[in-house]
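In this note's numbering, the protein residues as written are 6 to 286. Working notes, beginning with the structure itself.
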């Protein structure tokens, strides 16, 4: 049996990967569905229908502005995915490039990049968003930039450590003996051999990005009205905890399931790509 079918066989037998993949696919389906259909207009305010309980013409009821909860959750999934994809993409591209450069050049270049990465760890996503908000104002773009900057040091460190291990392998030494330069070796040999590590890390950072976006929106620094957001739904529900407690439960469960699915998916991918970590099932 070739490597491809064996990989898929291990994936289908891995419970964490399967459950995580199902939850992640449901998240993507919800976001994609919101592009073409929602039960009601998520931007339409109808105060006559505010705080309706579940079942009275609305599957999960309505919020304090009369908007349908299901519609808000579907569009909120789209916002979370957009922020996660772009922010993780920024960290992945920039961080991987810096990590590969550090591993290829070594010496003072590696030291400089690693010290910059250490400096970057001092500015978590929320702190970076607060600084950007003070200068440019709150918004989704600033949240994406803040979360992206937060991801760069992590990807740089992981890439550099993984690439250093590949650079010491015999096939890389043979490539150098054949006259290949650092750039050619990095693109042809190093990067393909660390892609599995980067994919796993990107999946895990995606979950963290969704949490960061929800936290920033909860604080009023992320997605701004009228764009629905799970974090802002939690913020709006906090003053109605005794009157309508389910308003906080729905977005909270959505965030928990999305993060759980991505974390399980990342855990499963790690085991699948590294047979030494594969669990007996």
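C-beta: ideal position from N, C-alpha, C; glycine also.
Quiz prompt | Inter-residue Cα distance where the pair is residue 174 and residue 123 | solution = For residue 174 and residue 123, the distance between alpha carbons rounds to 27 Å.
Exercise. Pick helix, strand or coil for residue 43, following the three-state DSSP scheme.
Key: coil
Practice problem: Using the Cα positions of residue 301 and residue 197, report the straight-line distance between them to the nearest angstrom. | Solution: Since the first residue shown for the chain is 6 and the last is 286, residue 301 is missing from the structure and cannot be characterised.
Self-check item: Beta-carbon separation (whole angstroms), residue 145 vs residue 88, contact threshold 8 Å
Solution: Their Cβ separation, rounded to whole angstroms, is 7 Å, which keeps residue 145 and residue 88 in contact under 8 Å.
Practice problem: Work out the CA separation of residue 23 and residue 284 for me, nearest whole Å. | Solution: With a pLDDT of 48 at residue 284, under the threshold of 50, the modelled position of that residue is not reliable, and no figure is offered here.
Practice problem: Report yes if the CB atom of residue 148 is closer than 8 Å to the CB atom of residue 221, and no otherwise. | Solution: yes
Practice problem: Kindly confirm or deny that the segment 115-135 and the segment 232-242 touch, where touching means at least three C-beta pairs closer than 8 Å. | Solution: Contact between the segment 115-135 and the segment 232-242 is absent, because fewer than three Cβ pairs lie under 8 Å.
Exercise. Output the distance between the C-alpha atoms of residue 278 and residue 260, rounded to the nearest integer angstrom.
Key: 27 Å
Self-check item: Of the listed residues 109, 142, 157 and 102, nearest to residue 128 (C-alpha basis)
Solution: 157
Practice problem: Quickly, what does DSSP pair residue 287 with across the bridge? List them, please. | Solution: Residue 287 cannot be examined here, being either before or after the span of the chain that is shown, 6 to 286.
Quiz item: Given a threshold of 16 other Cβ atoms within 10 Å of its Cβ, counted over all protein chains shown, does residue 208 qualify as buried or as exposed?
Solution: buried
Quiz item: What are the boundary residues of the alpha helix (DSSP H) that includes residue 206?
Solution: Unbroken alpha helix (DSSP H) run through residue 206: 196-223.
Practice problem: Take residue 270 and list the residues in its own chain whose beta-carbon comes closer than 6 Å to its own, dropping the five residues that flank it on each side. | Solution: 25, 26, 29 and 208
Quiz item: Expressed to the nearest angstrom, what Euclidean distance is found between the alpha-carbon atoms of residue 109 and residue 98?
Solution: 16 Å
Quiz item: With burial defined as no fewer than 16 other Cβ atoms inside 10 Å of the residue's Cβ, what is the status of residue 189: buried or exposed?
Solution: exposed
Practice problem: For the alpha helix (DSSP H) containing residue 124, list its first residue and its last residue. | Solution: Start and end: 112-125.
Exercise. Just tell me which of 256, 250 and 205 has its CA closest to the CA of residue 57.
Key: Per the C-alpha coordinates, the member of 256, 250 and 205 positioned closest to residue 57 is 250.
Self-check item: residue 39 beta carbon less than 8 Å from that of residue 82
Solution: yes
Quiz item: What three-state label does DSSP hand residue 49 in the structure shown?
Solution: coil
Practice problem: Return yes when at least one heavy atom of the ligand PLP lies under 7 Å from the C-beta of residue 241, else no. | Solution: Absence of the ligand PLP is noted for the structure shown, with no ligands found whatsoever.
Self-check item: Chain-order list of residues whose beta-carbon lies under 7 Å from that of residue 180 (same chain, five-residue window excluded)
Solution: 190 and 194
Quiz item: By Cβ distance below 8 Å, which residues in the same chain neighbour residue 131 in space, the five residues on each side in sequence not counted?
Solution: 151, 217, 220, 221, 224 and 226
Quiz prompt | Limits of the alpha helix (DSSP H) - the one that residue 193 falls within | solution = Premise fails: residue 193 is in no alpha helix (DSSP H) and is neither H nor E.
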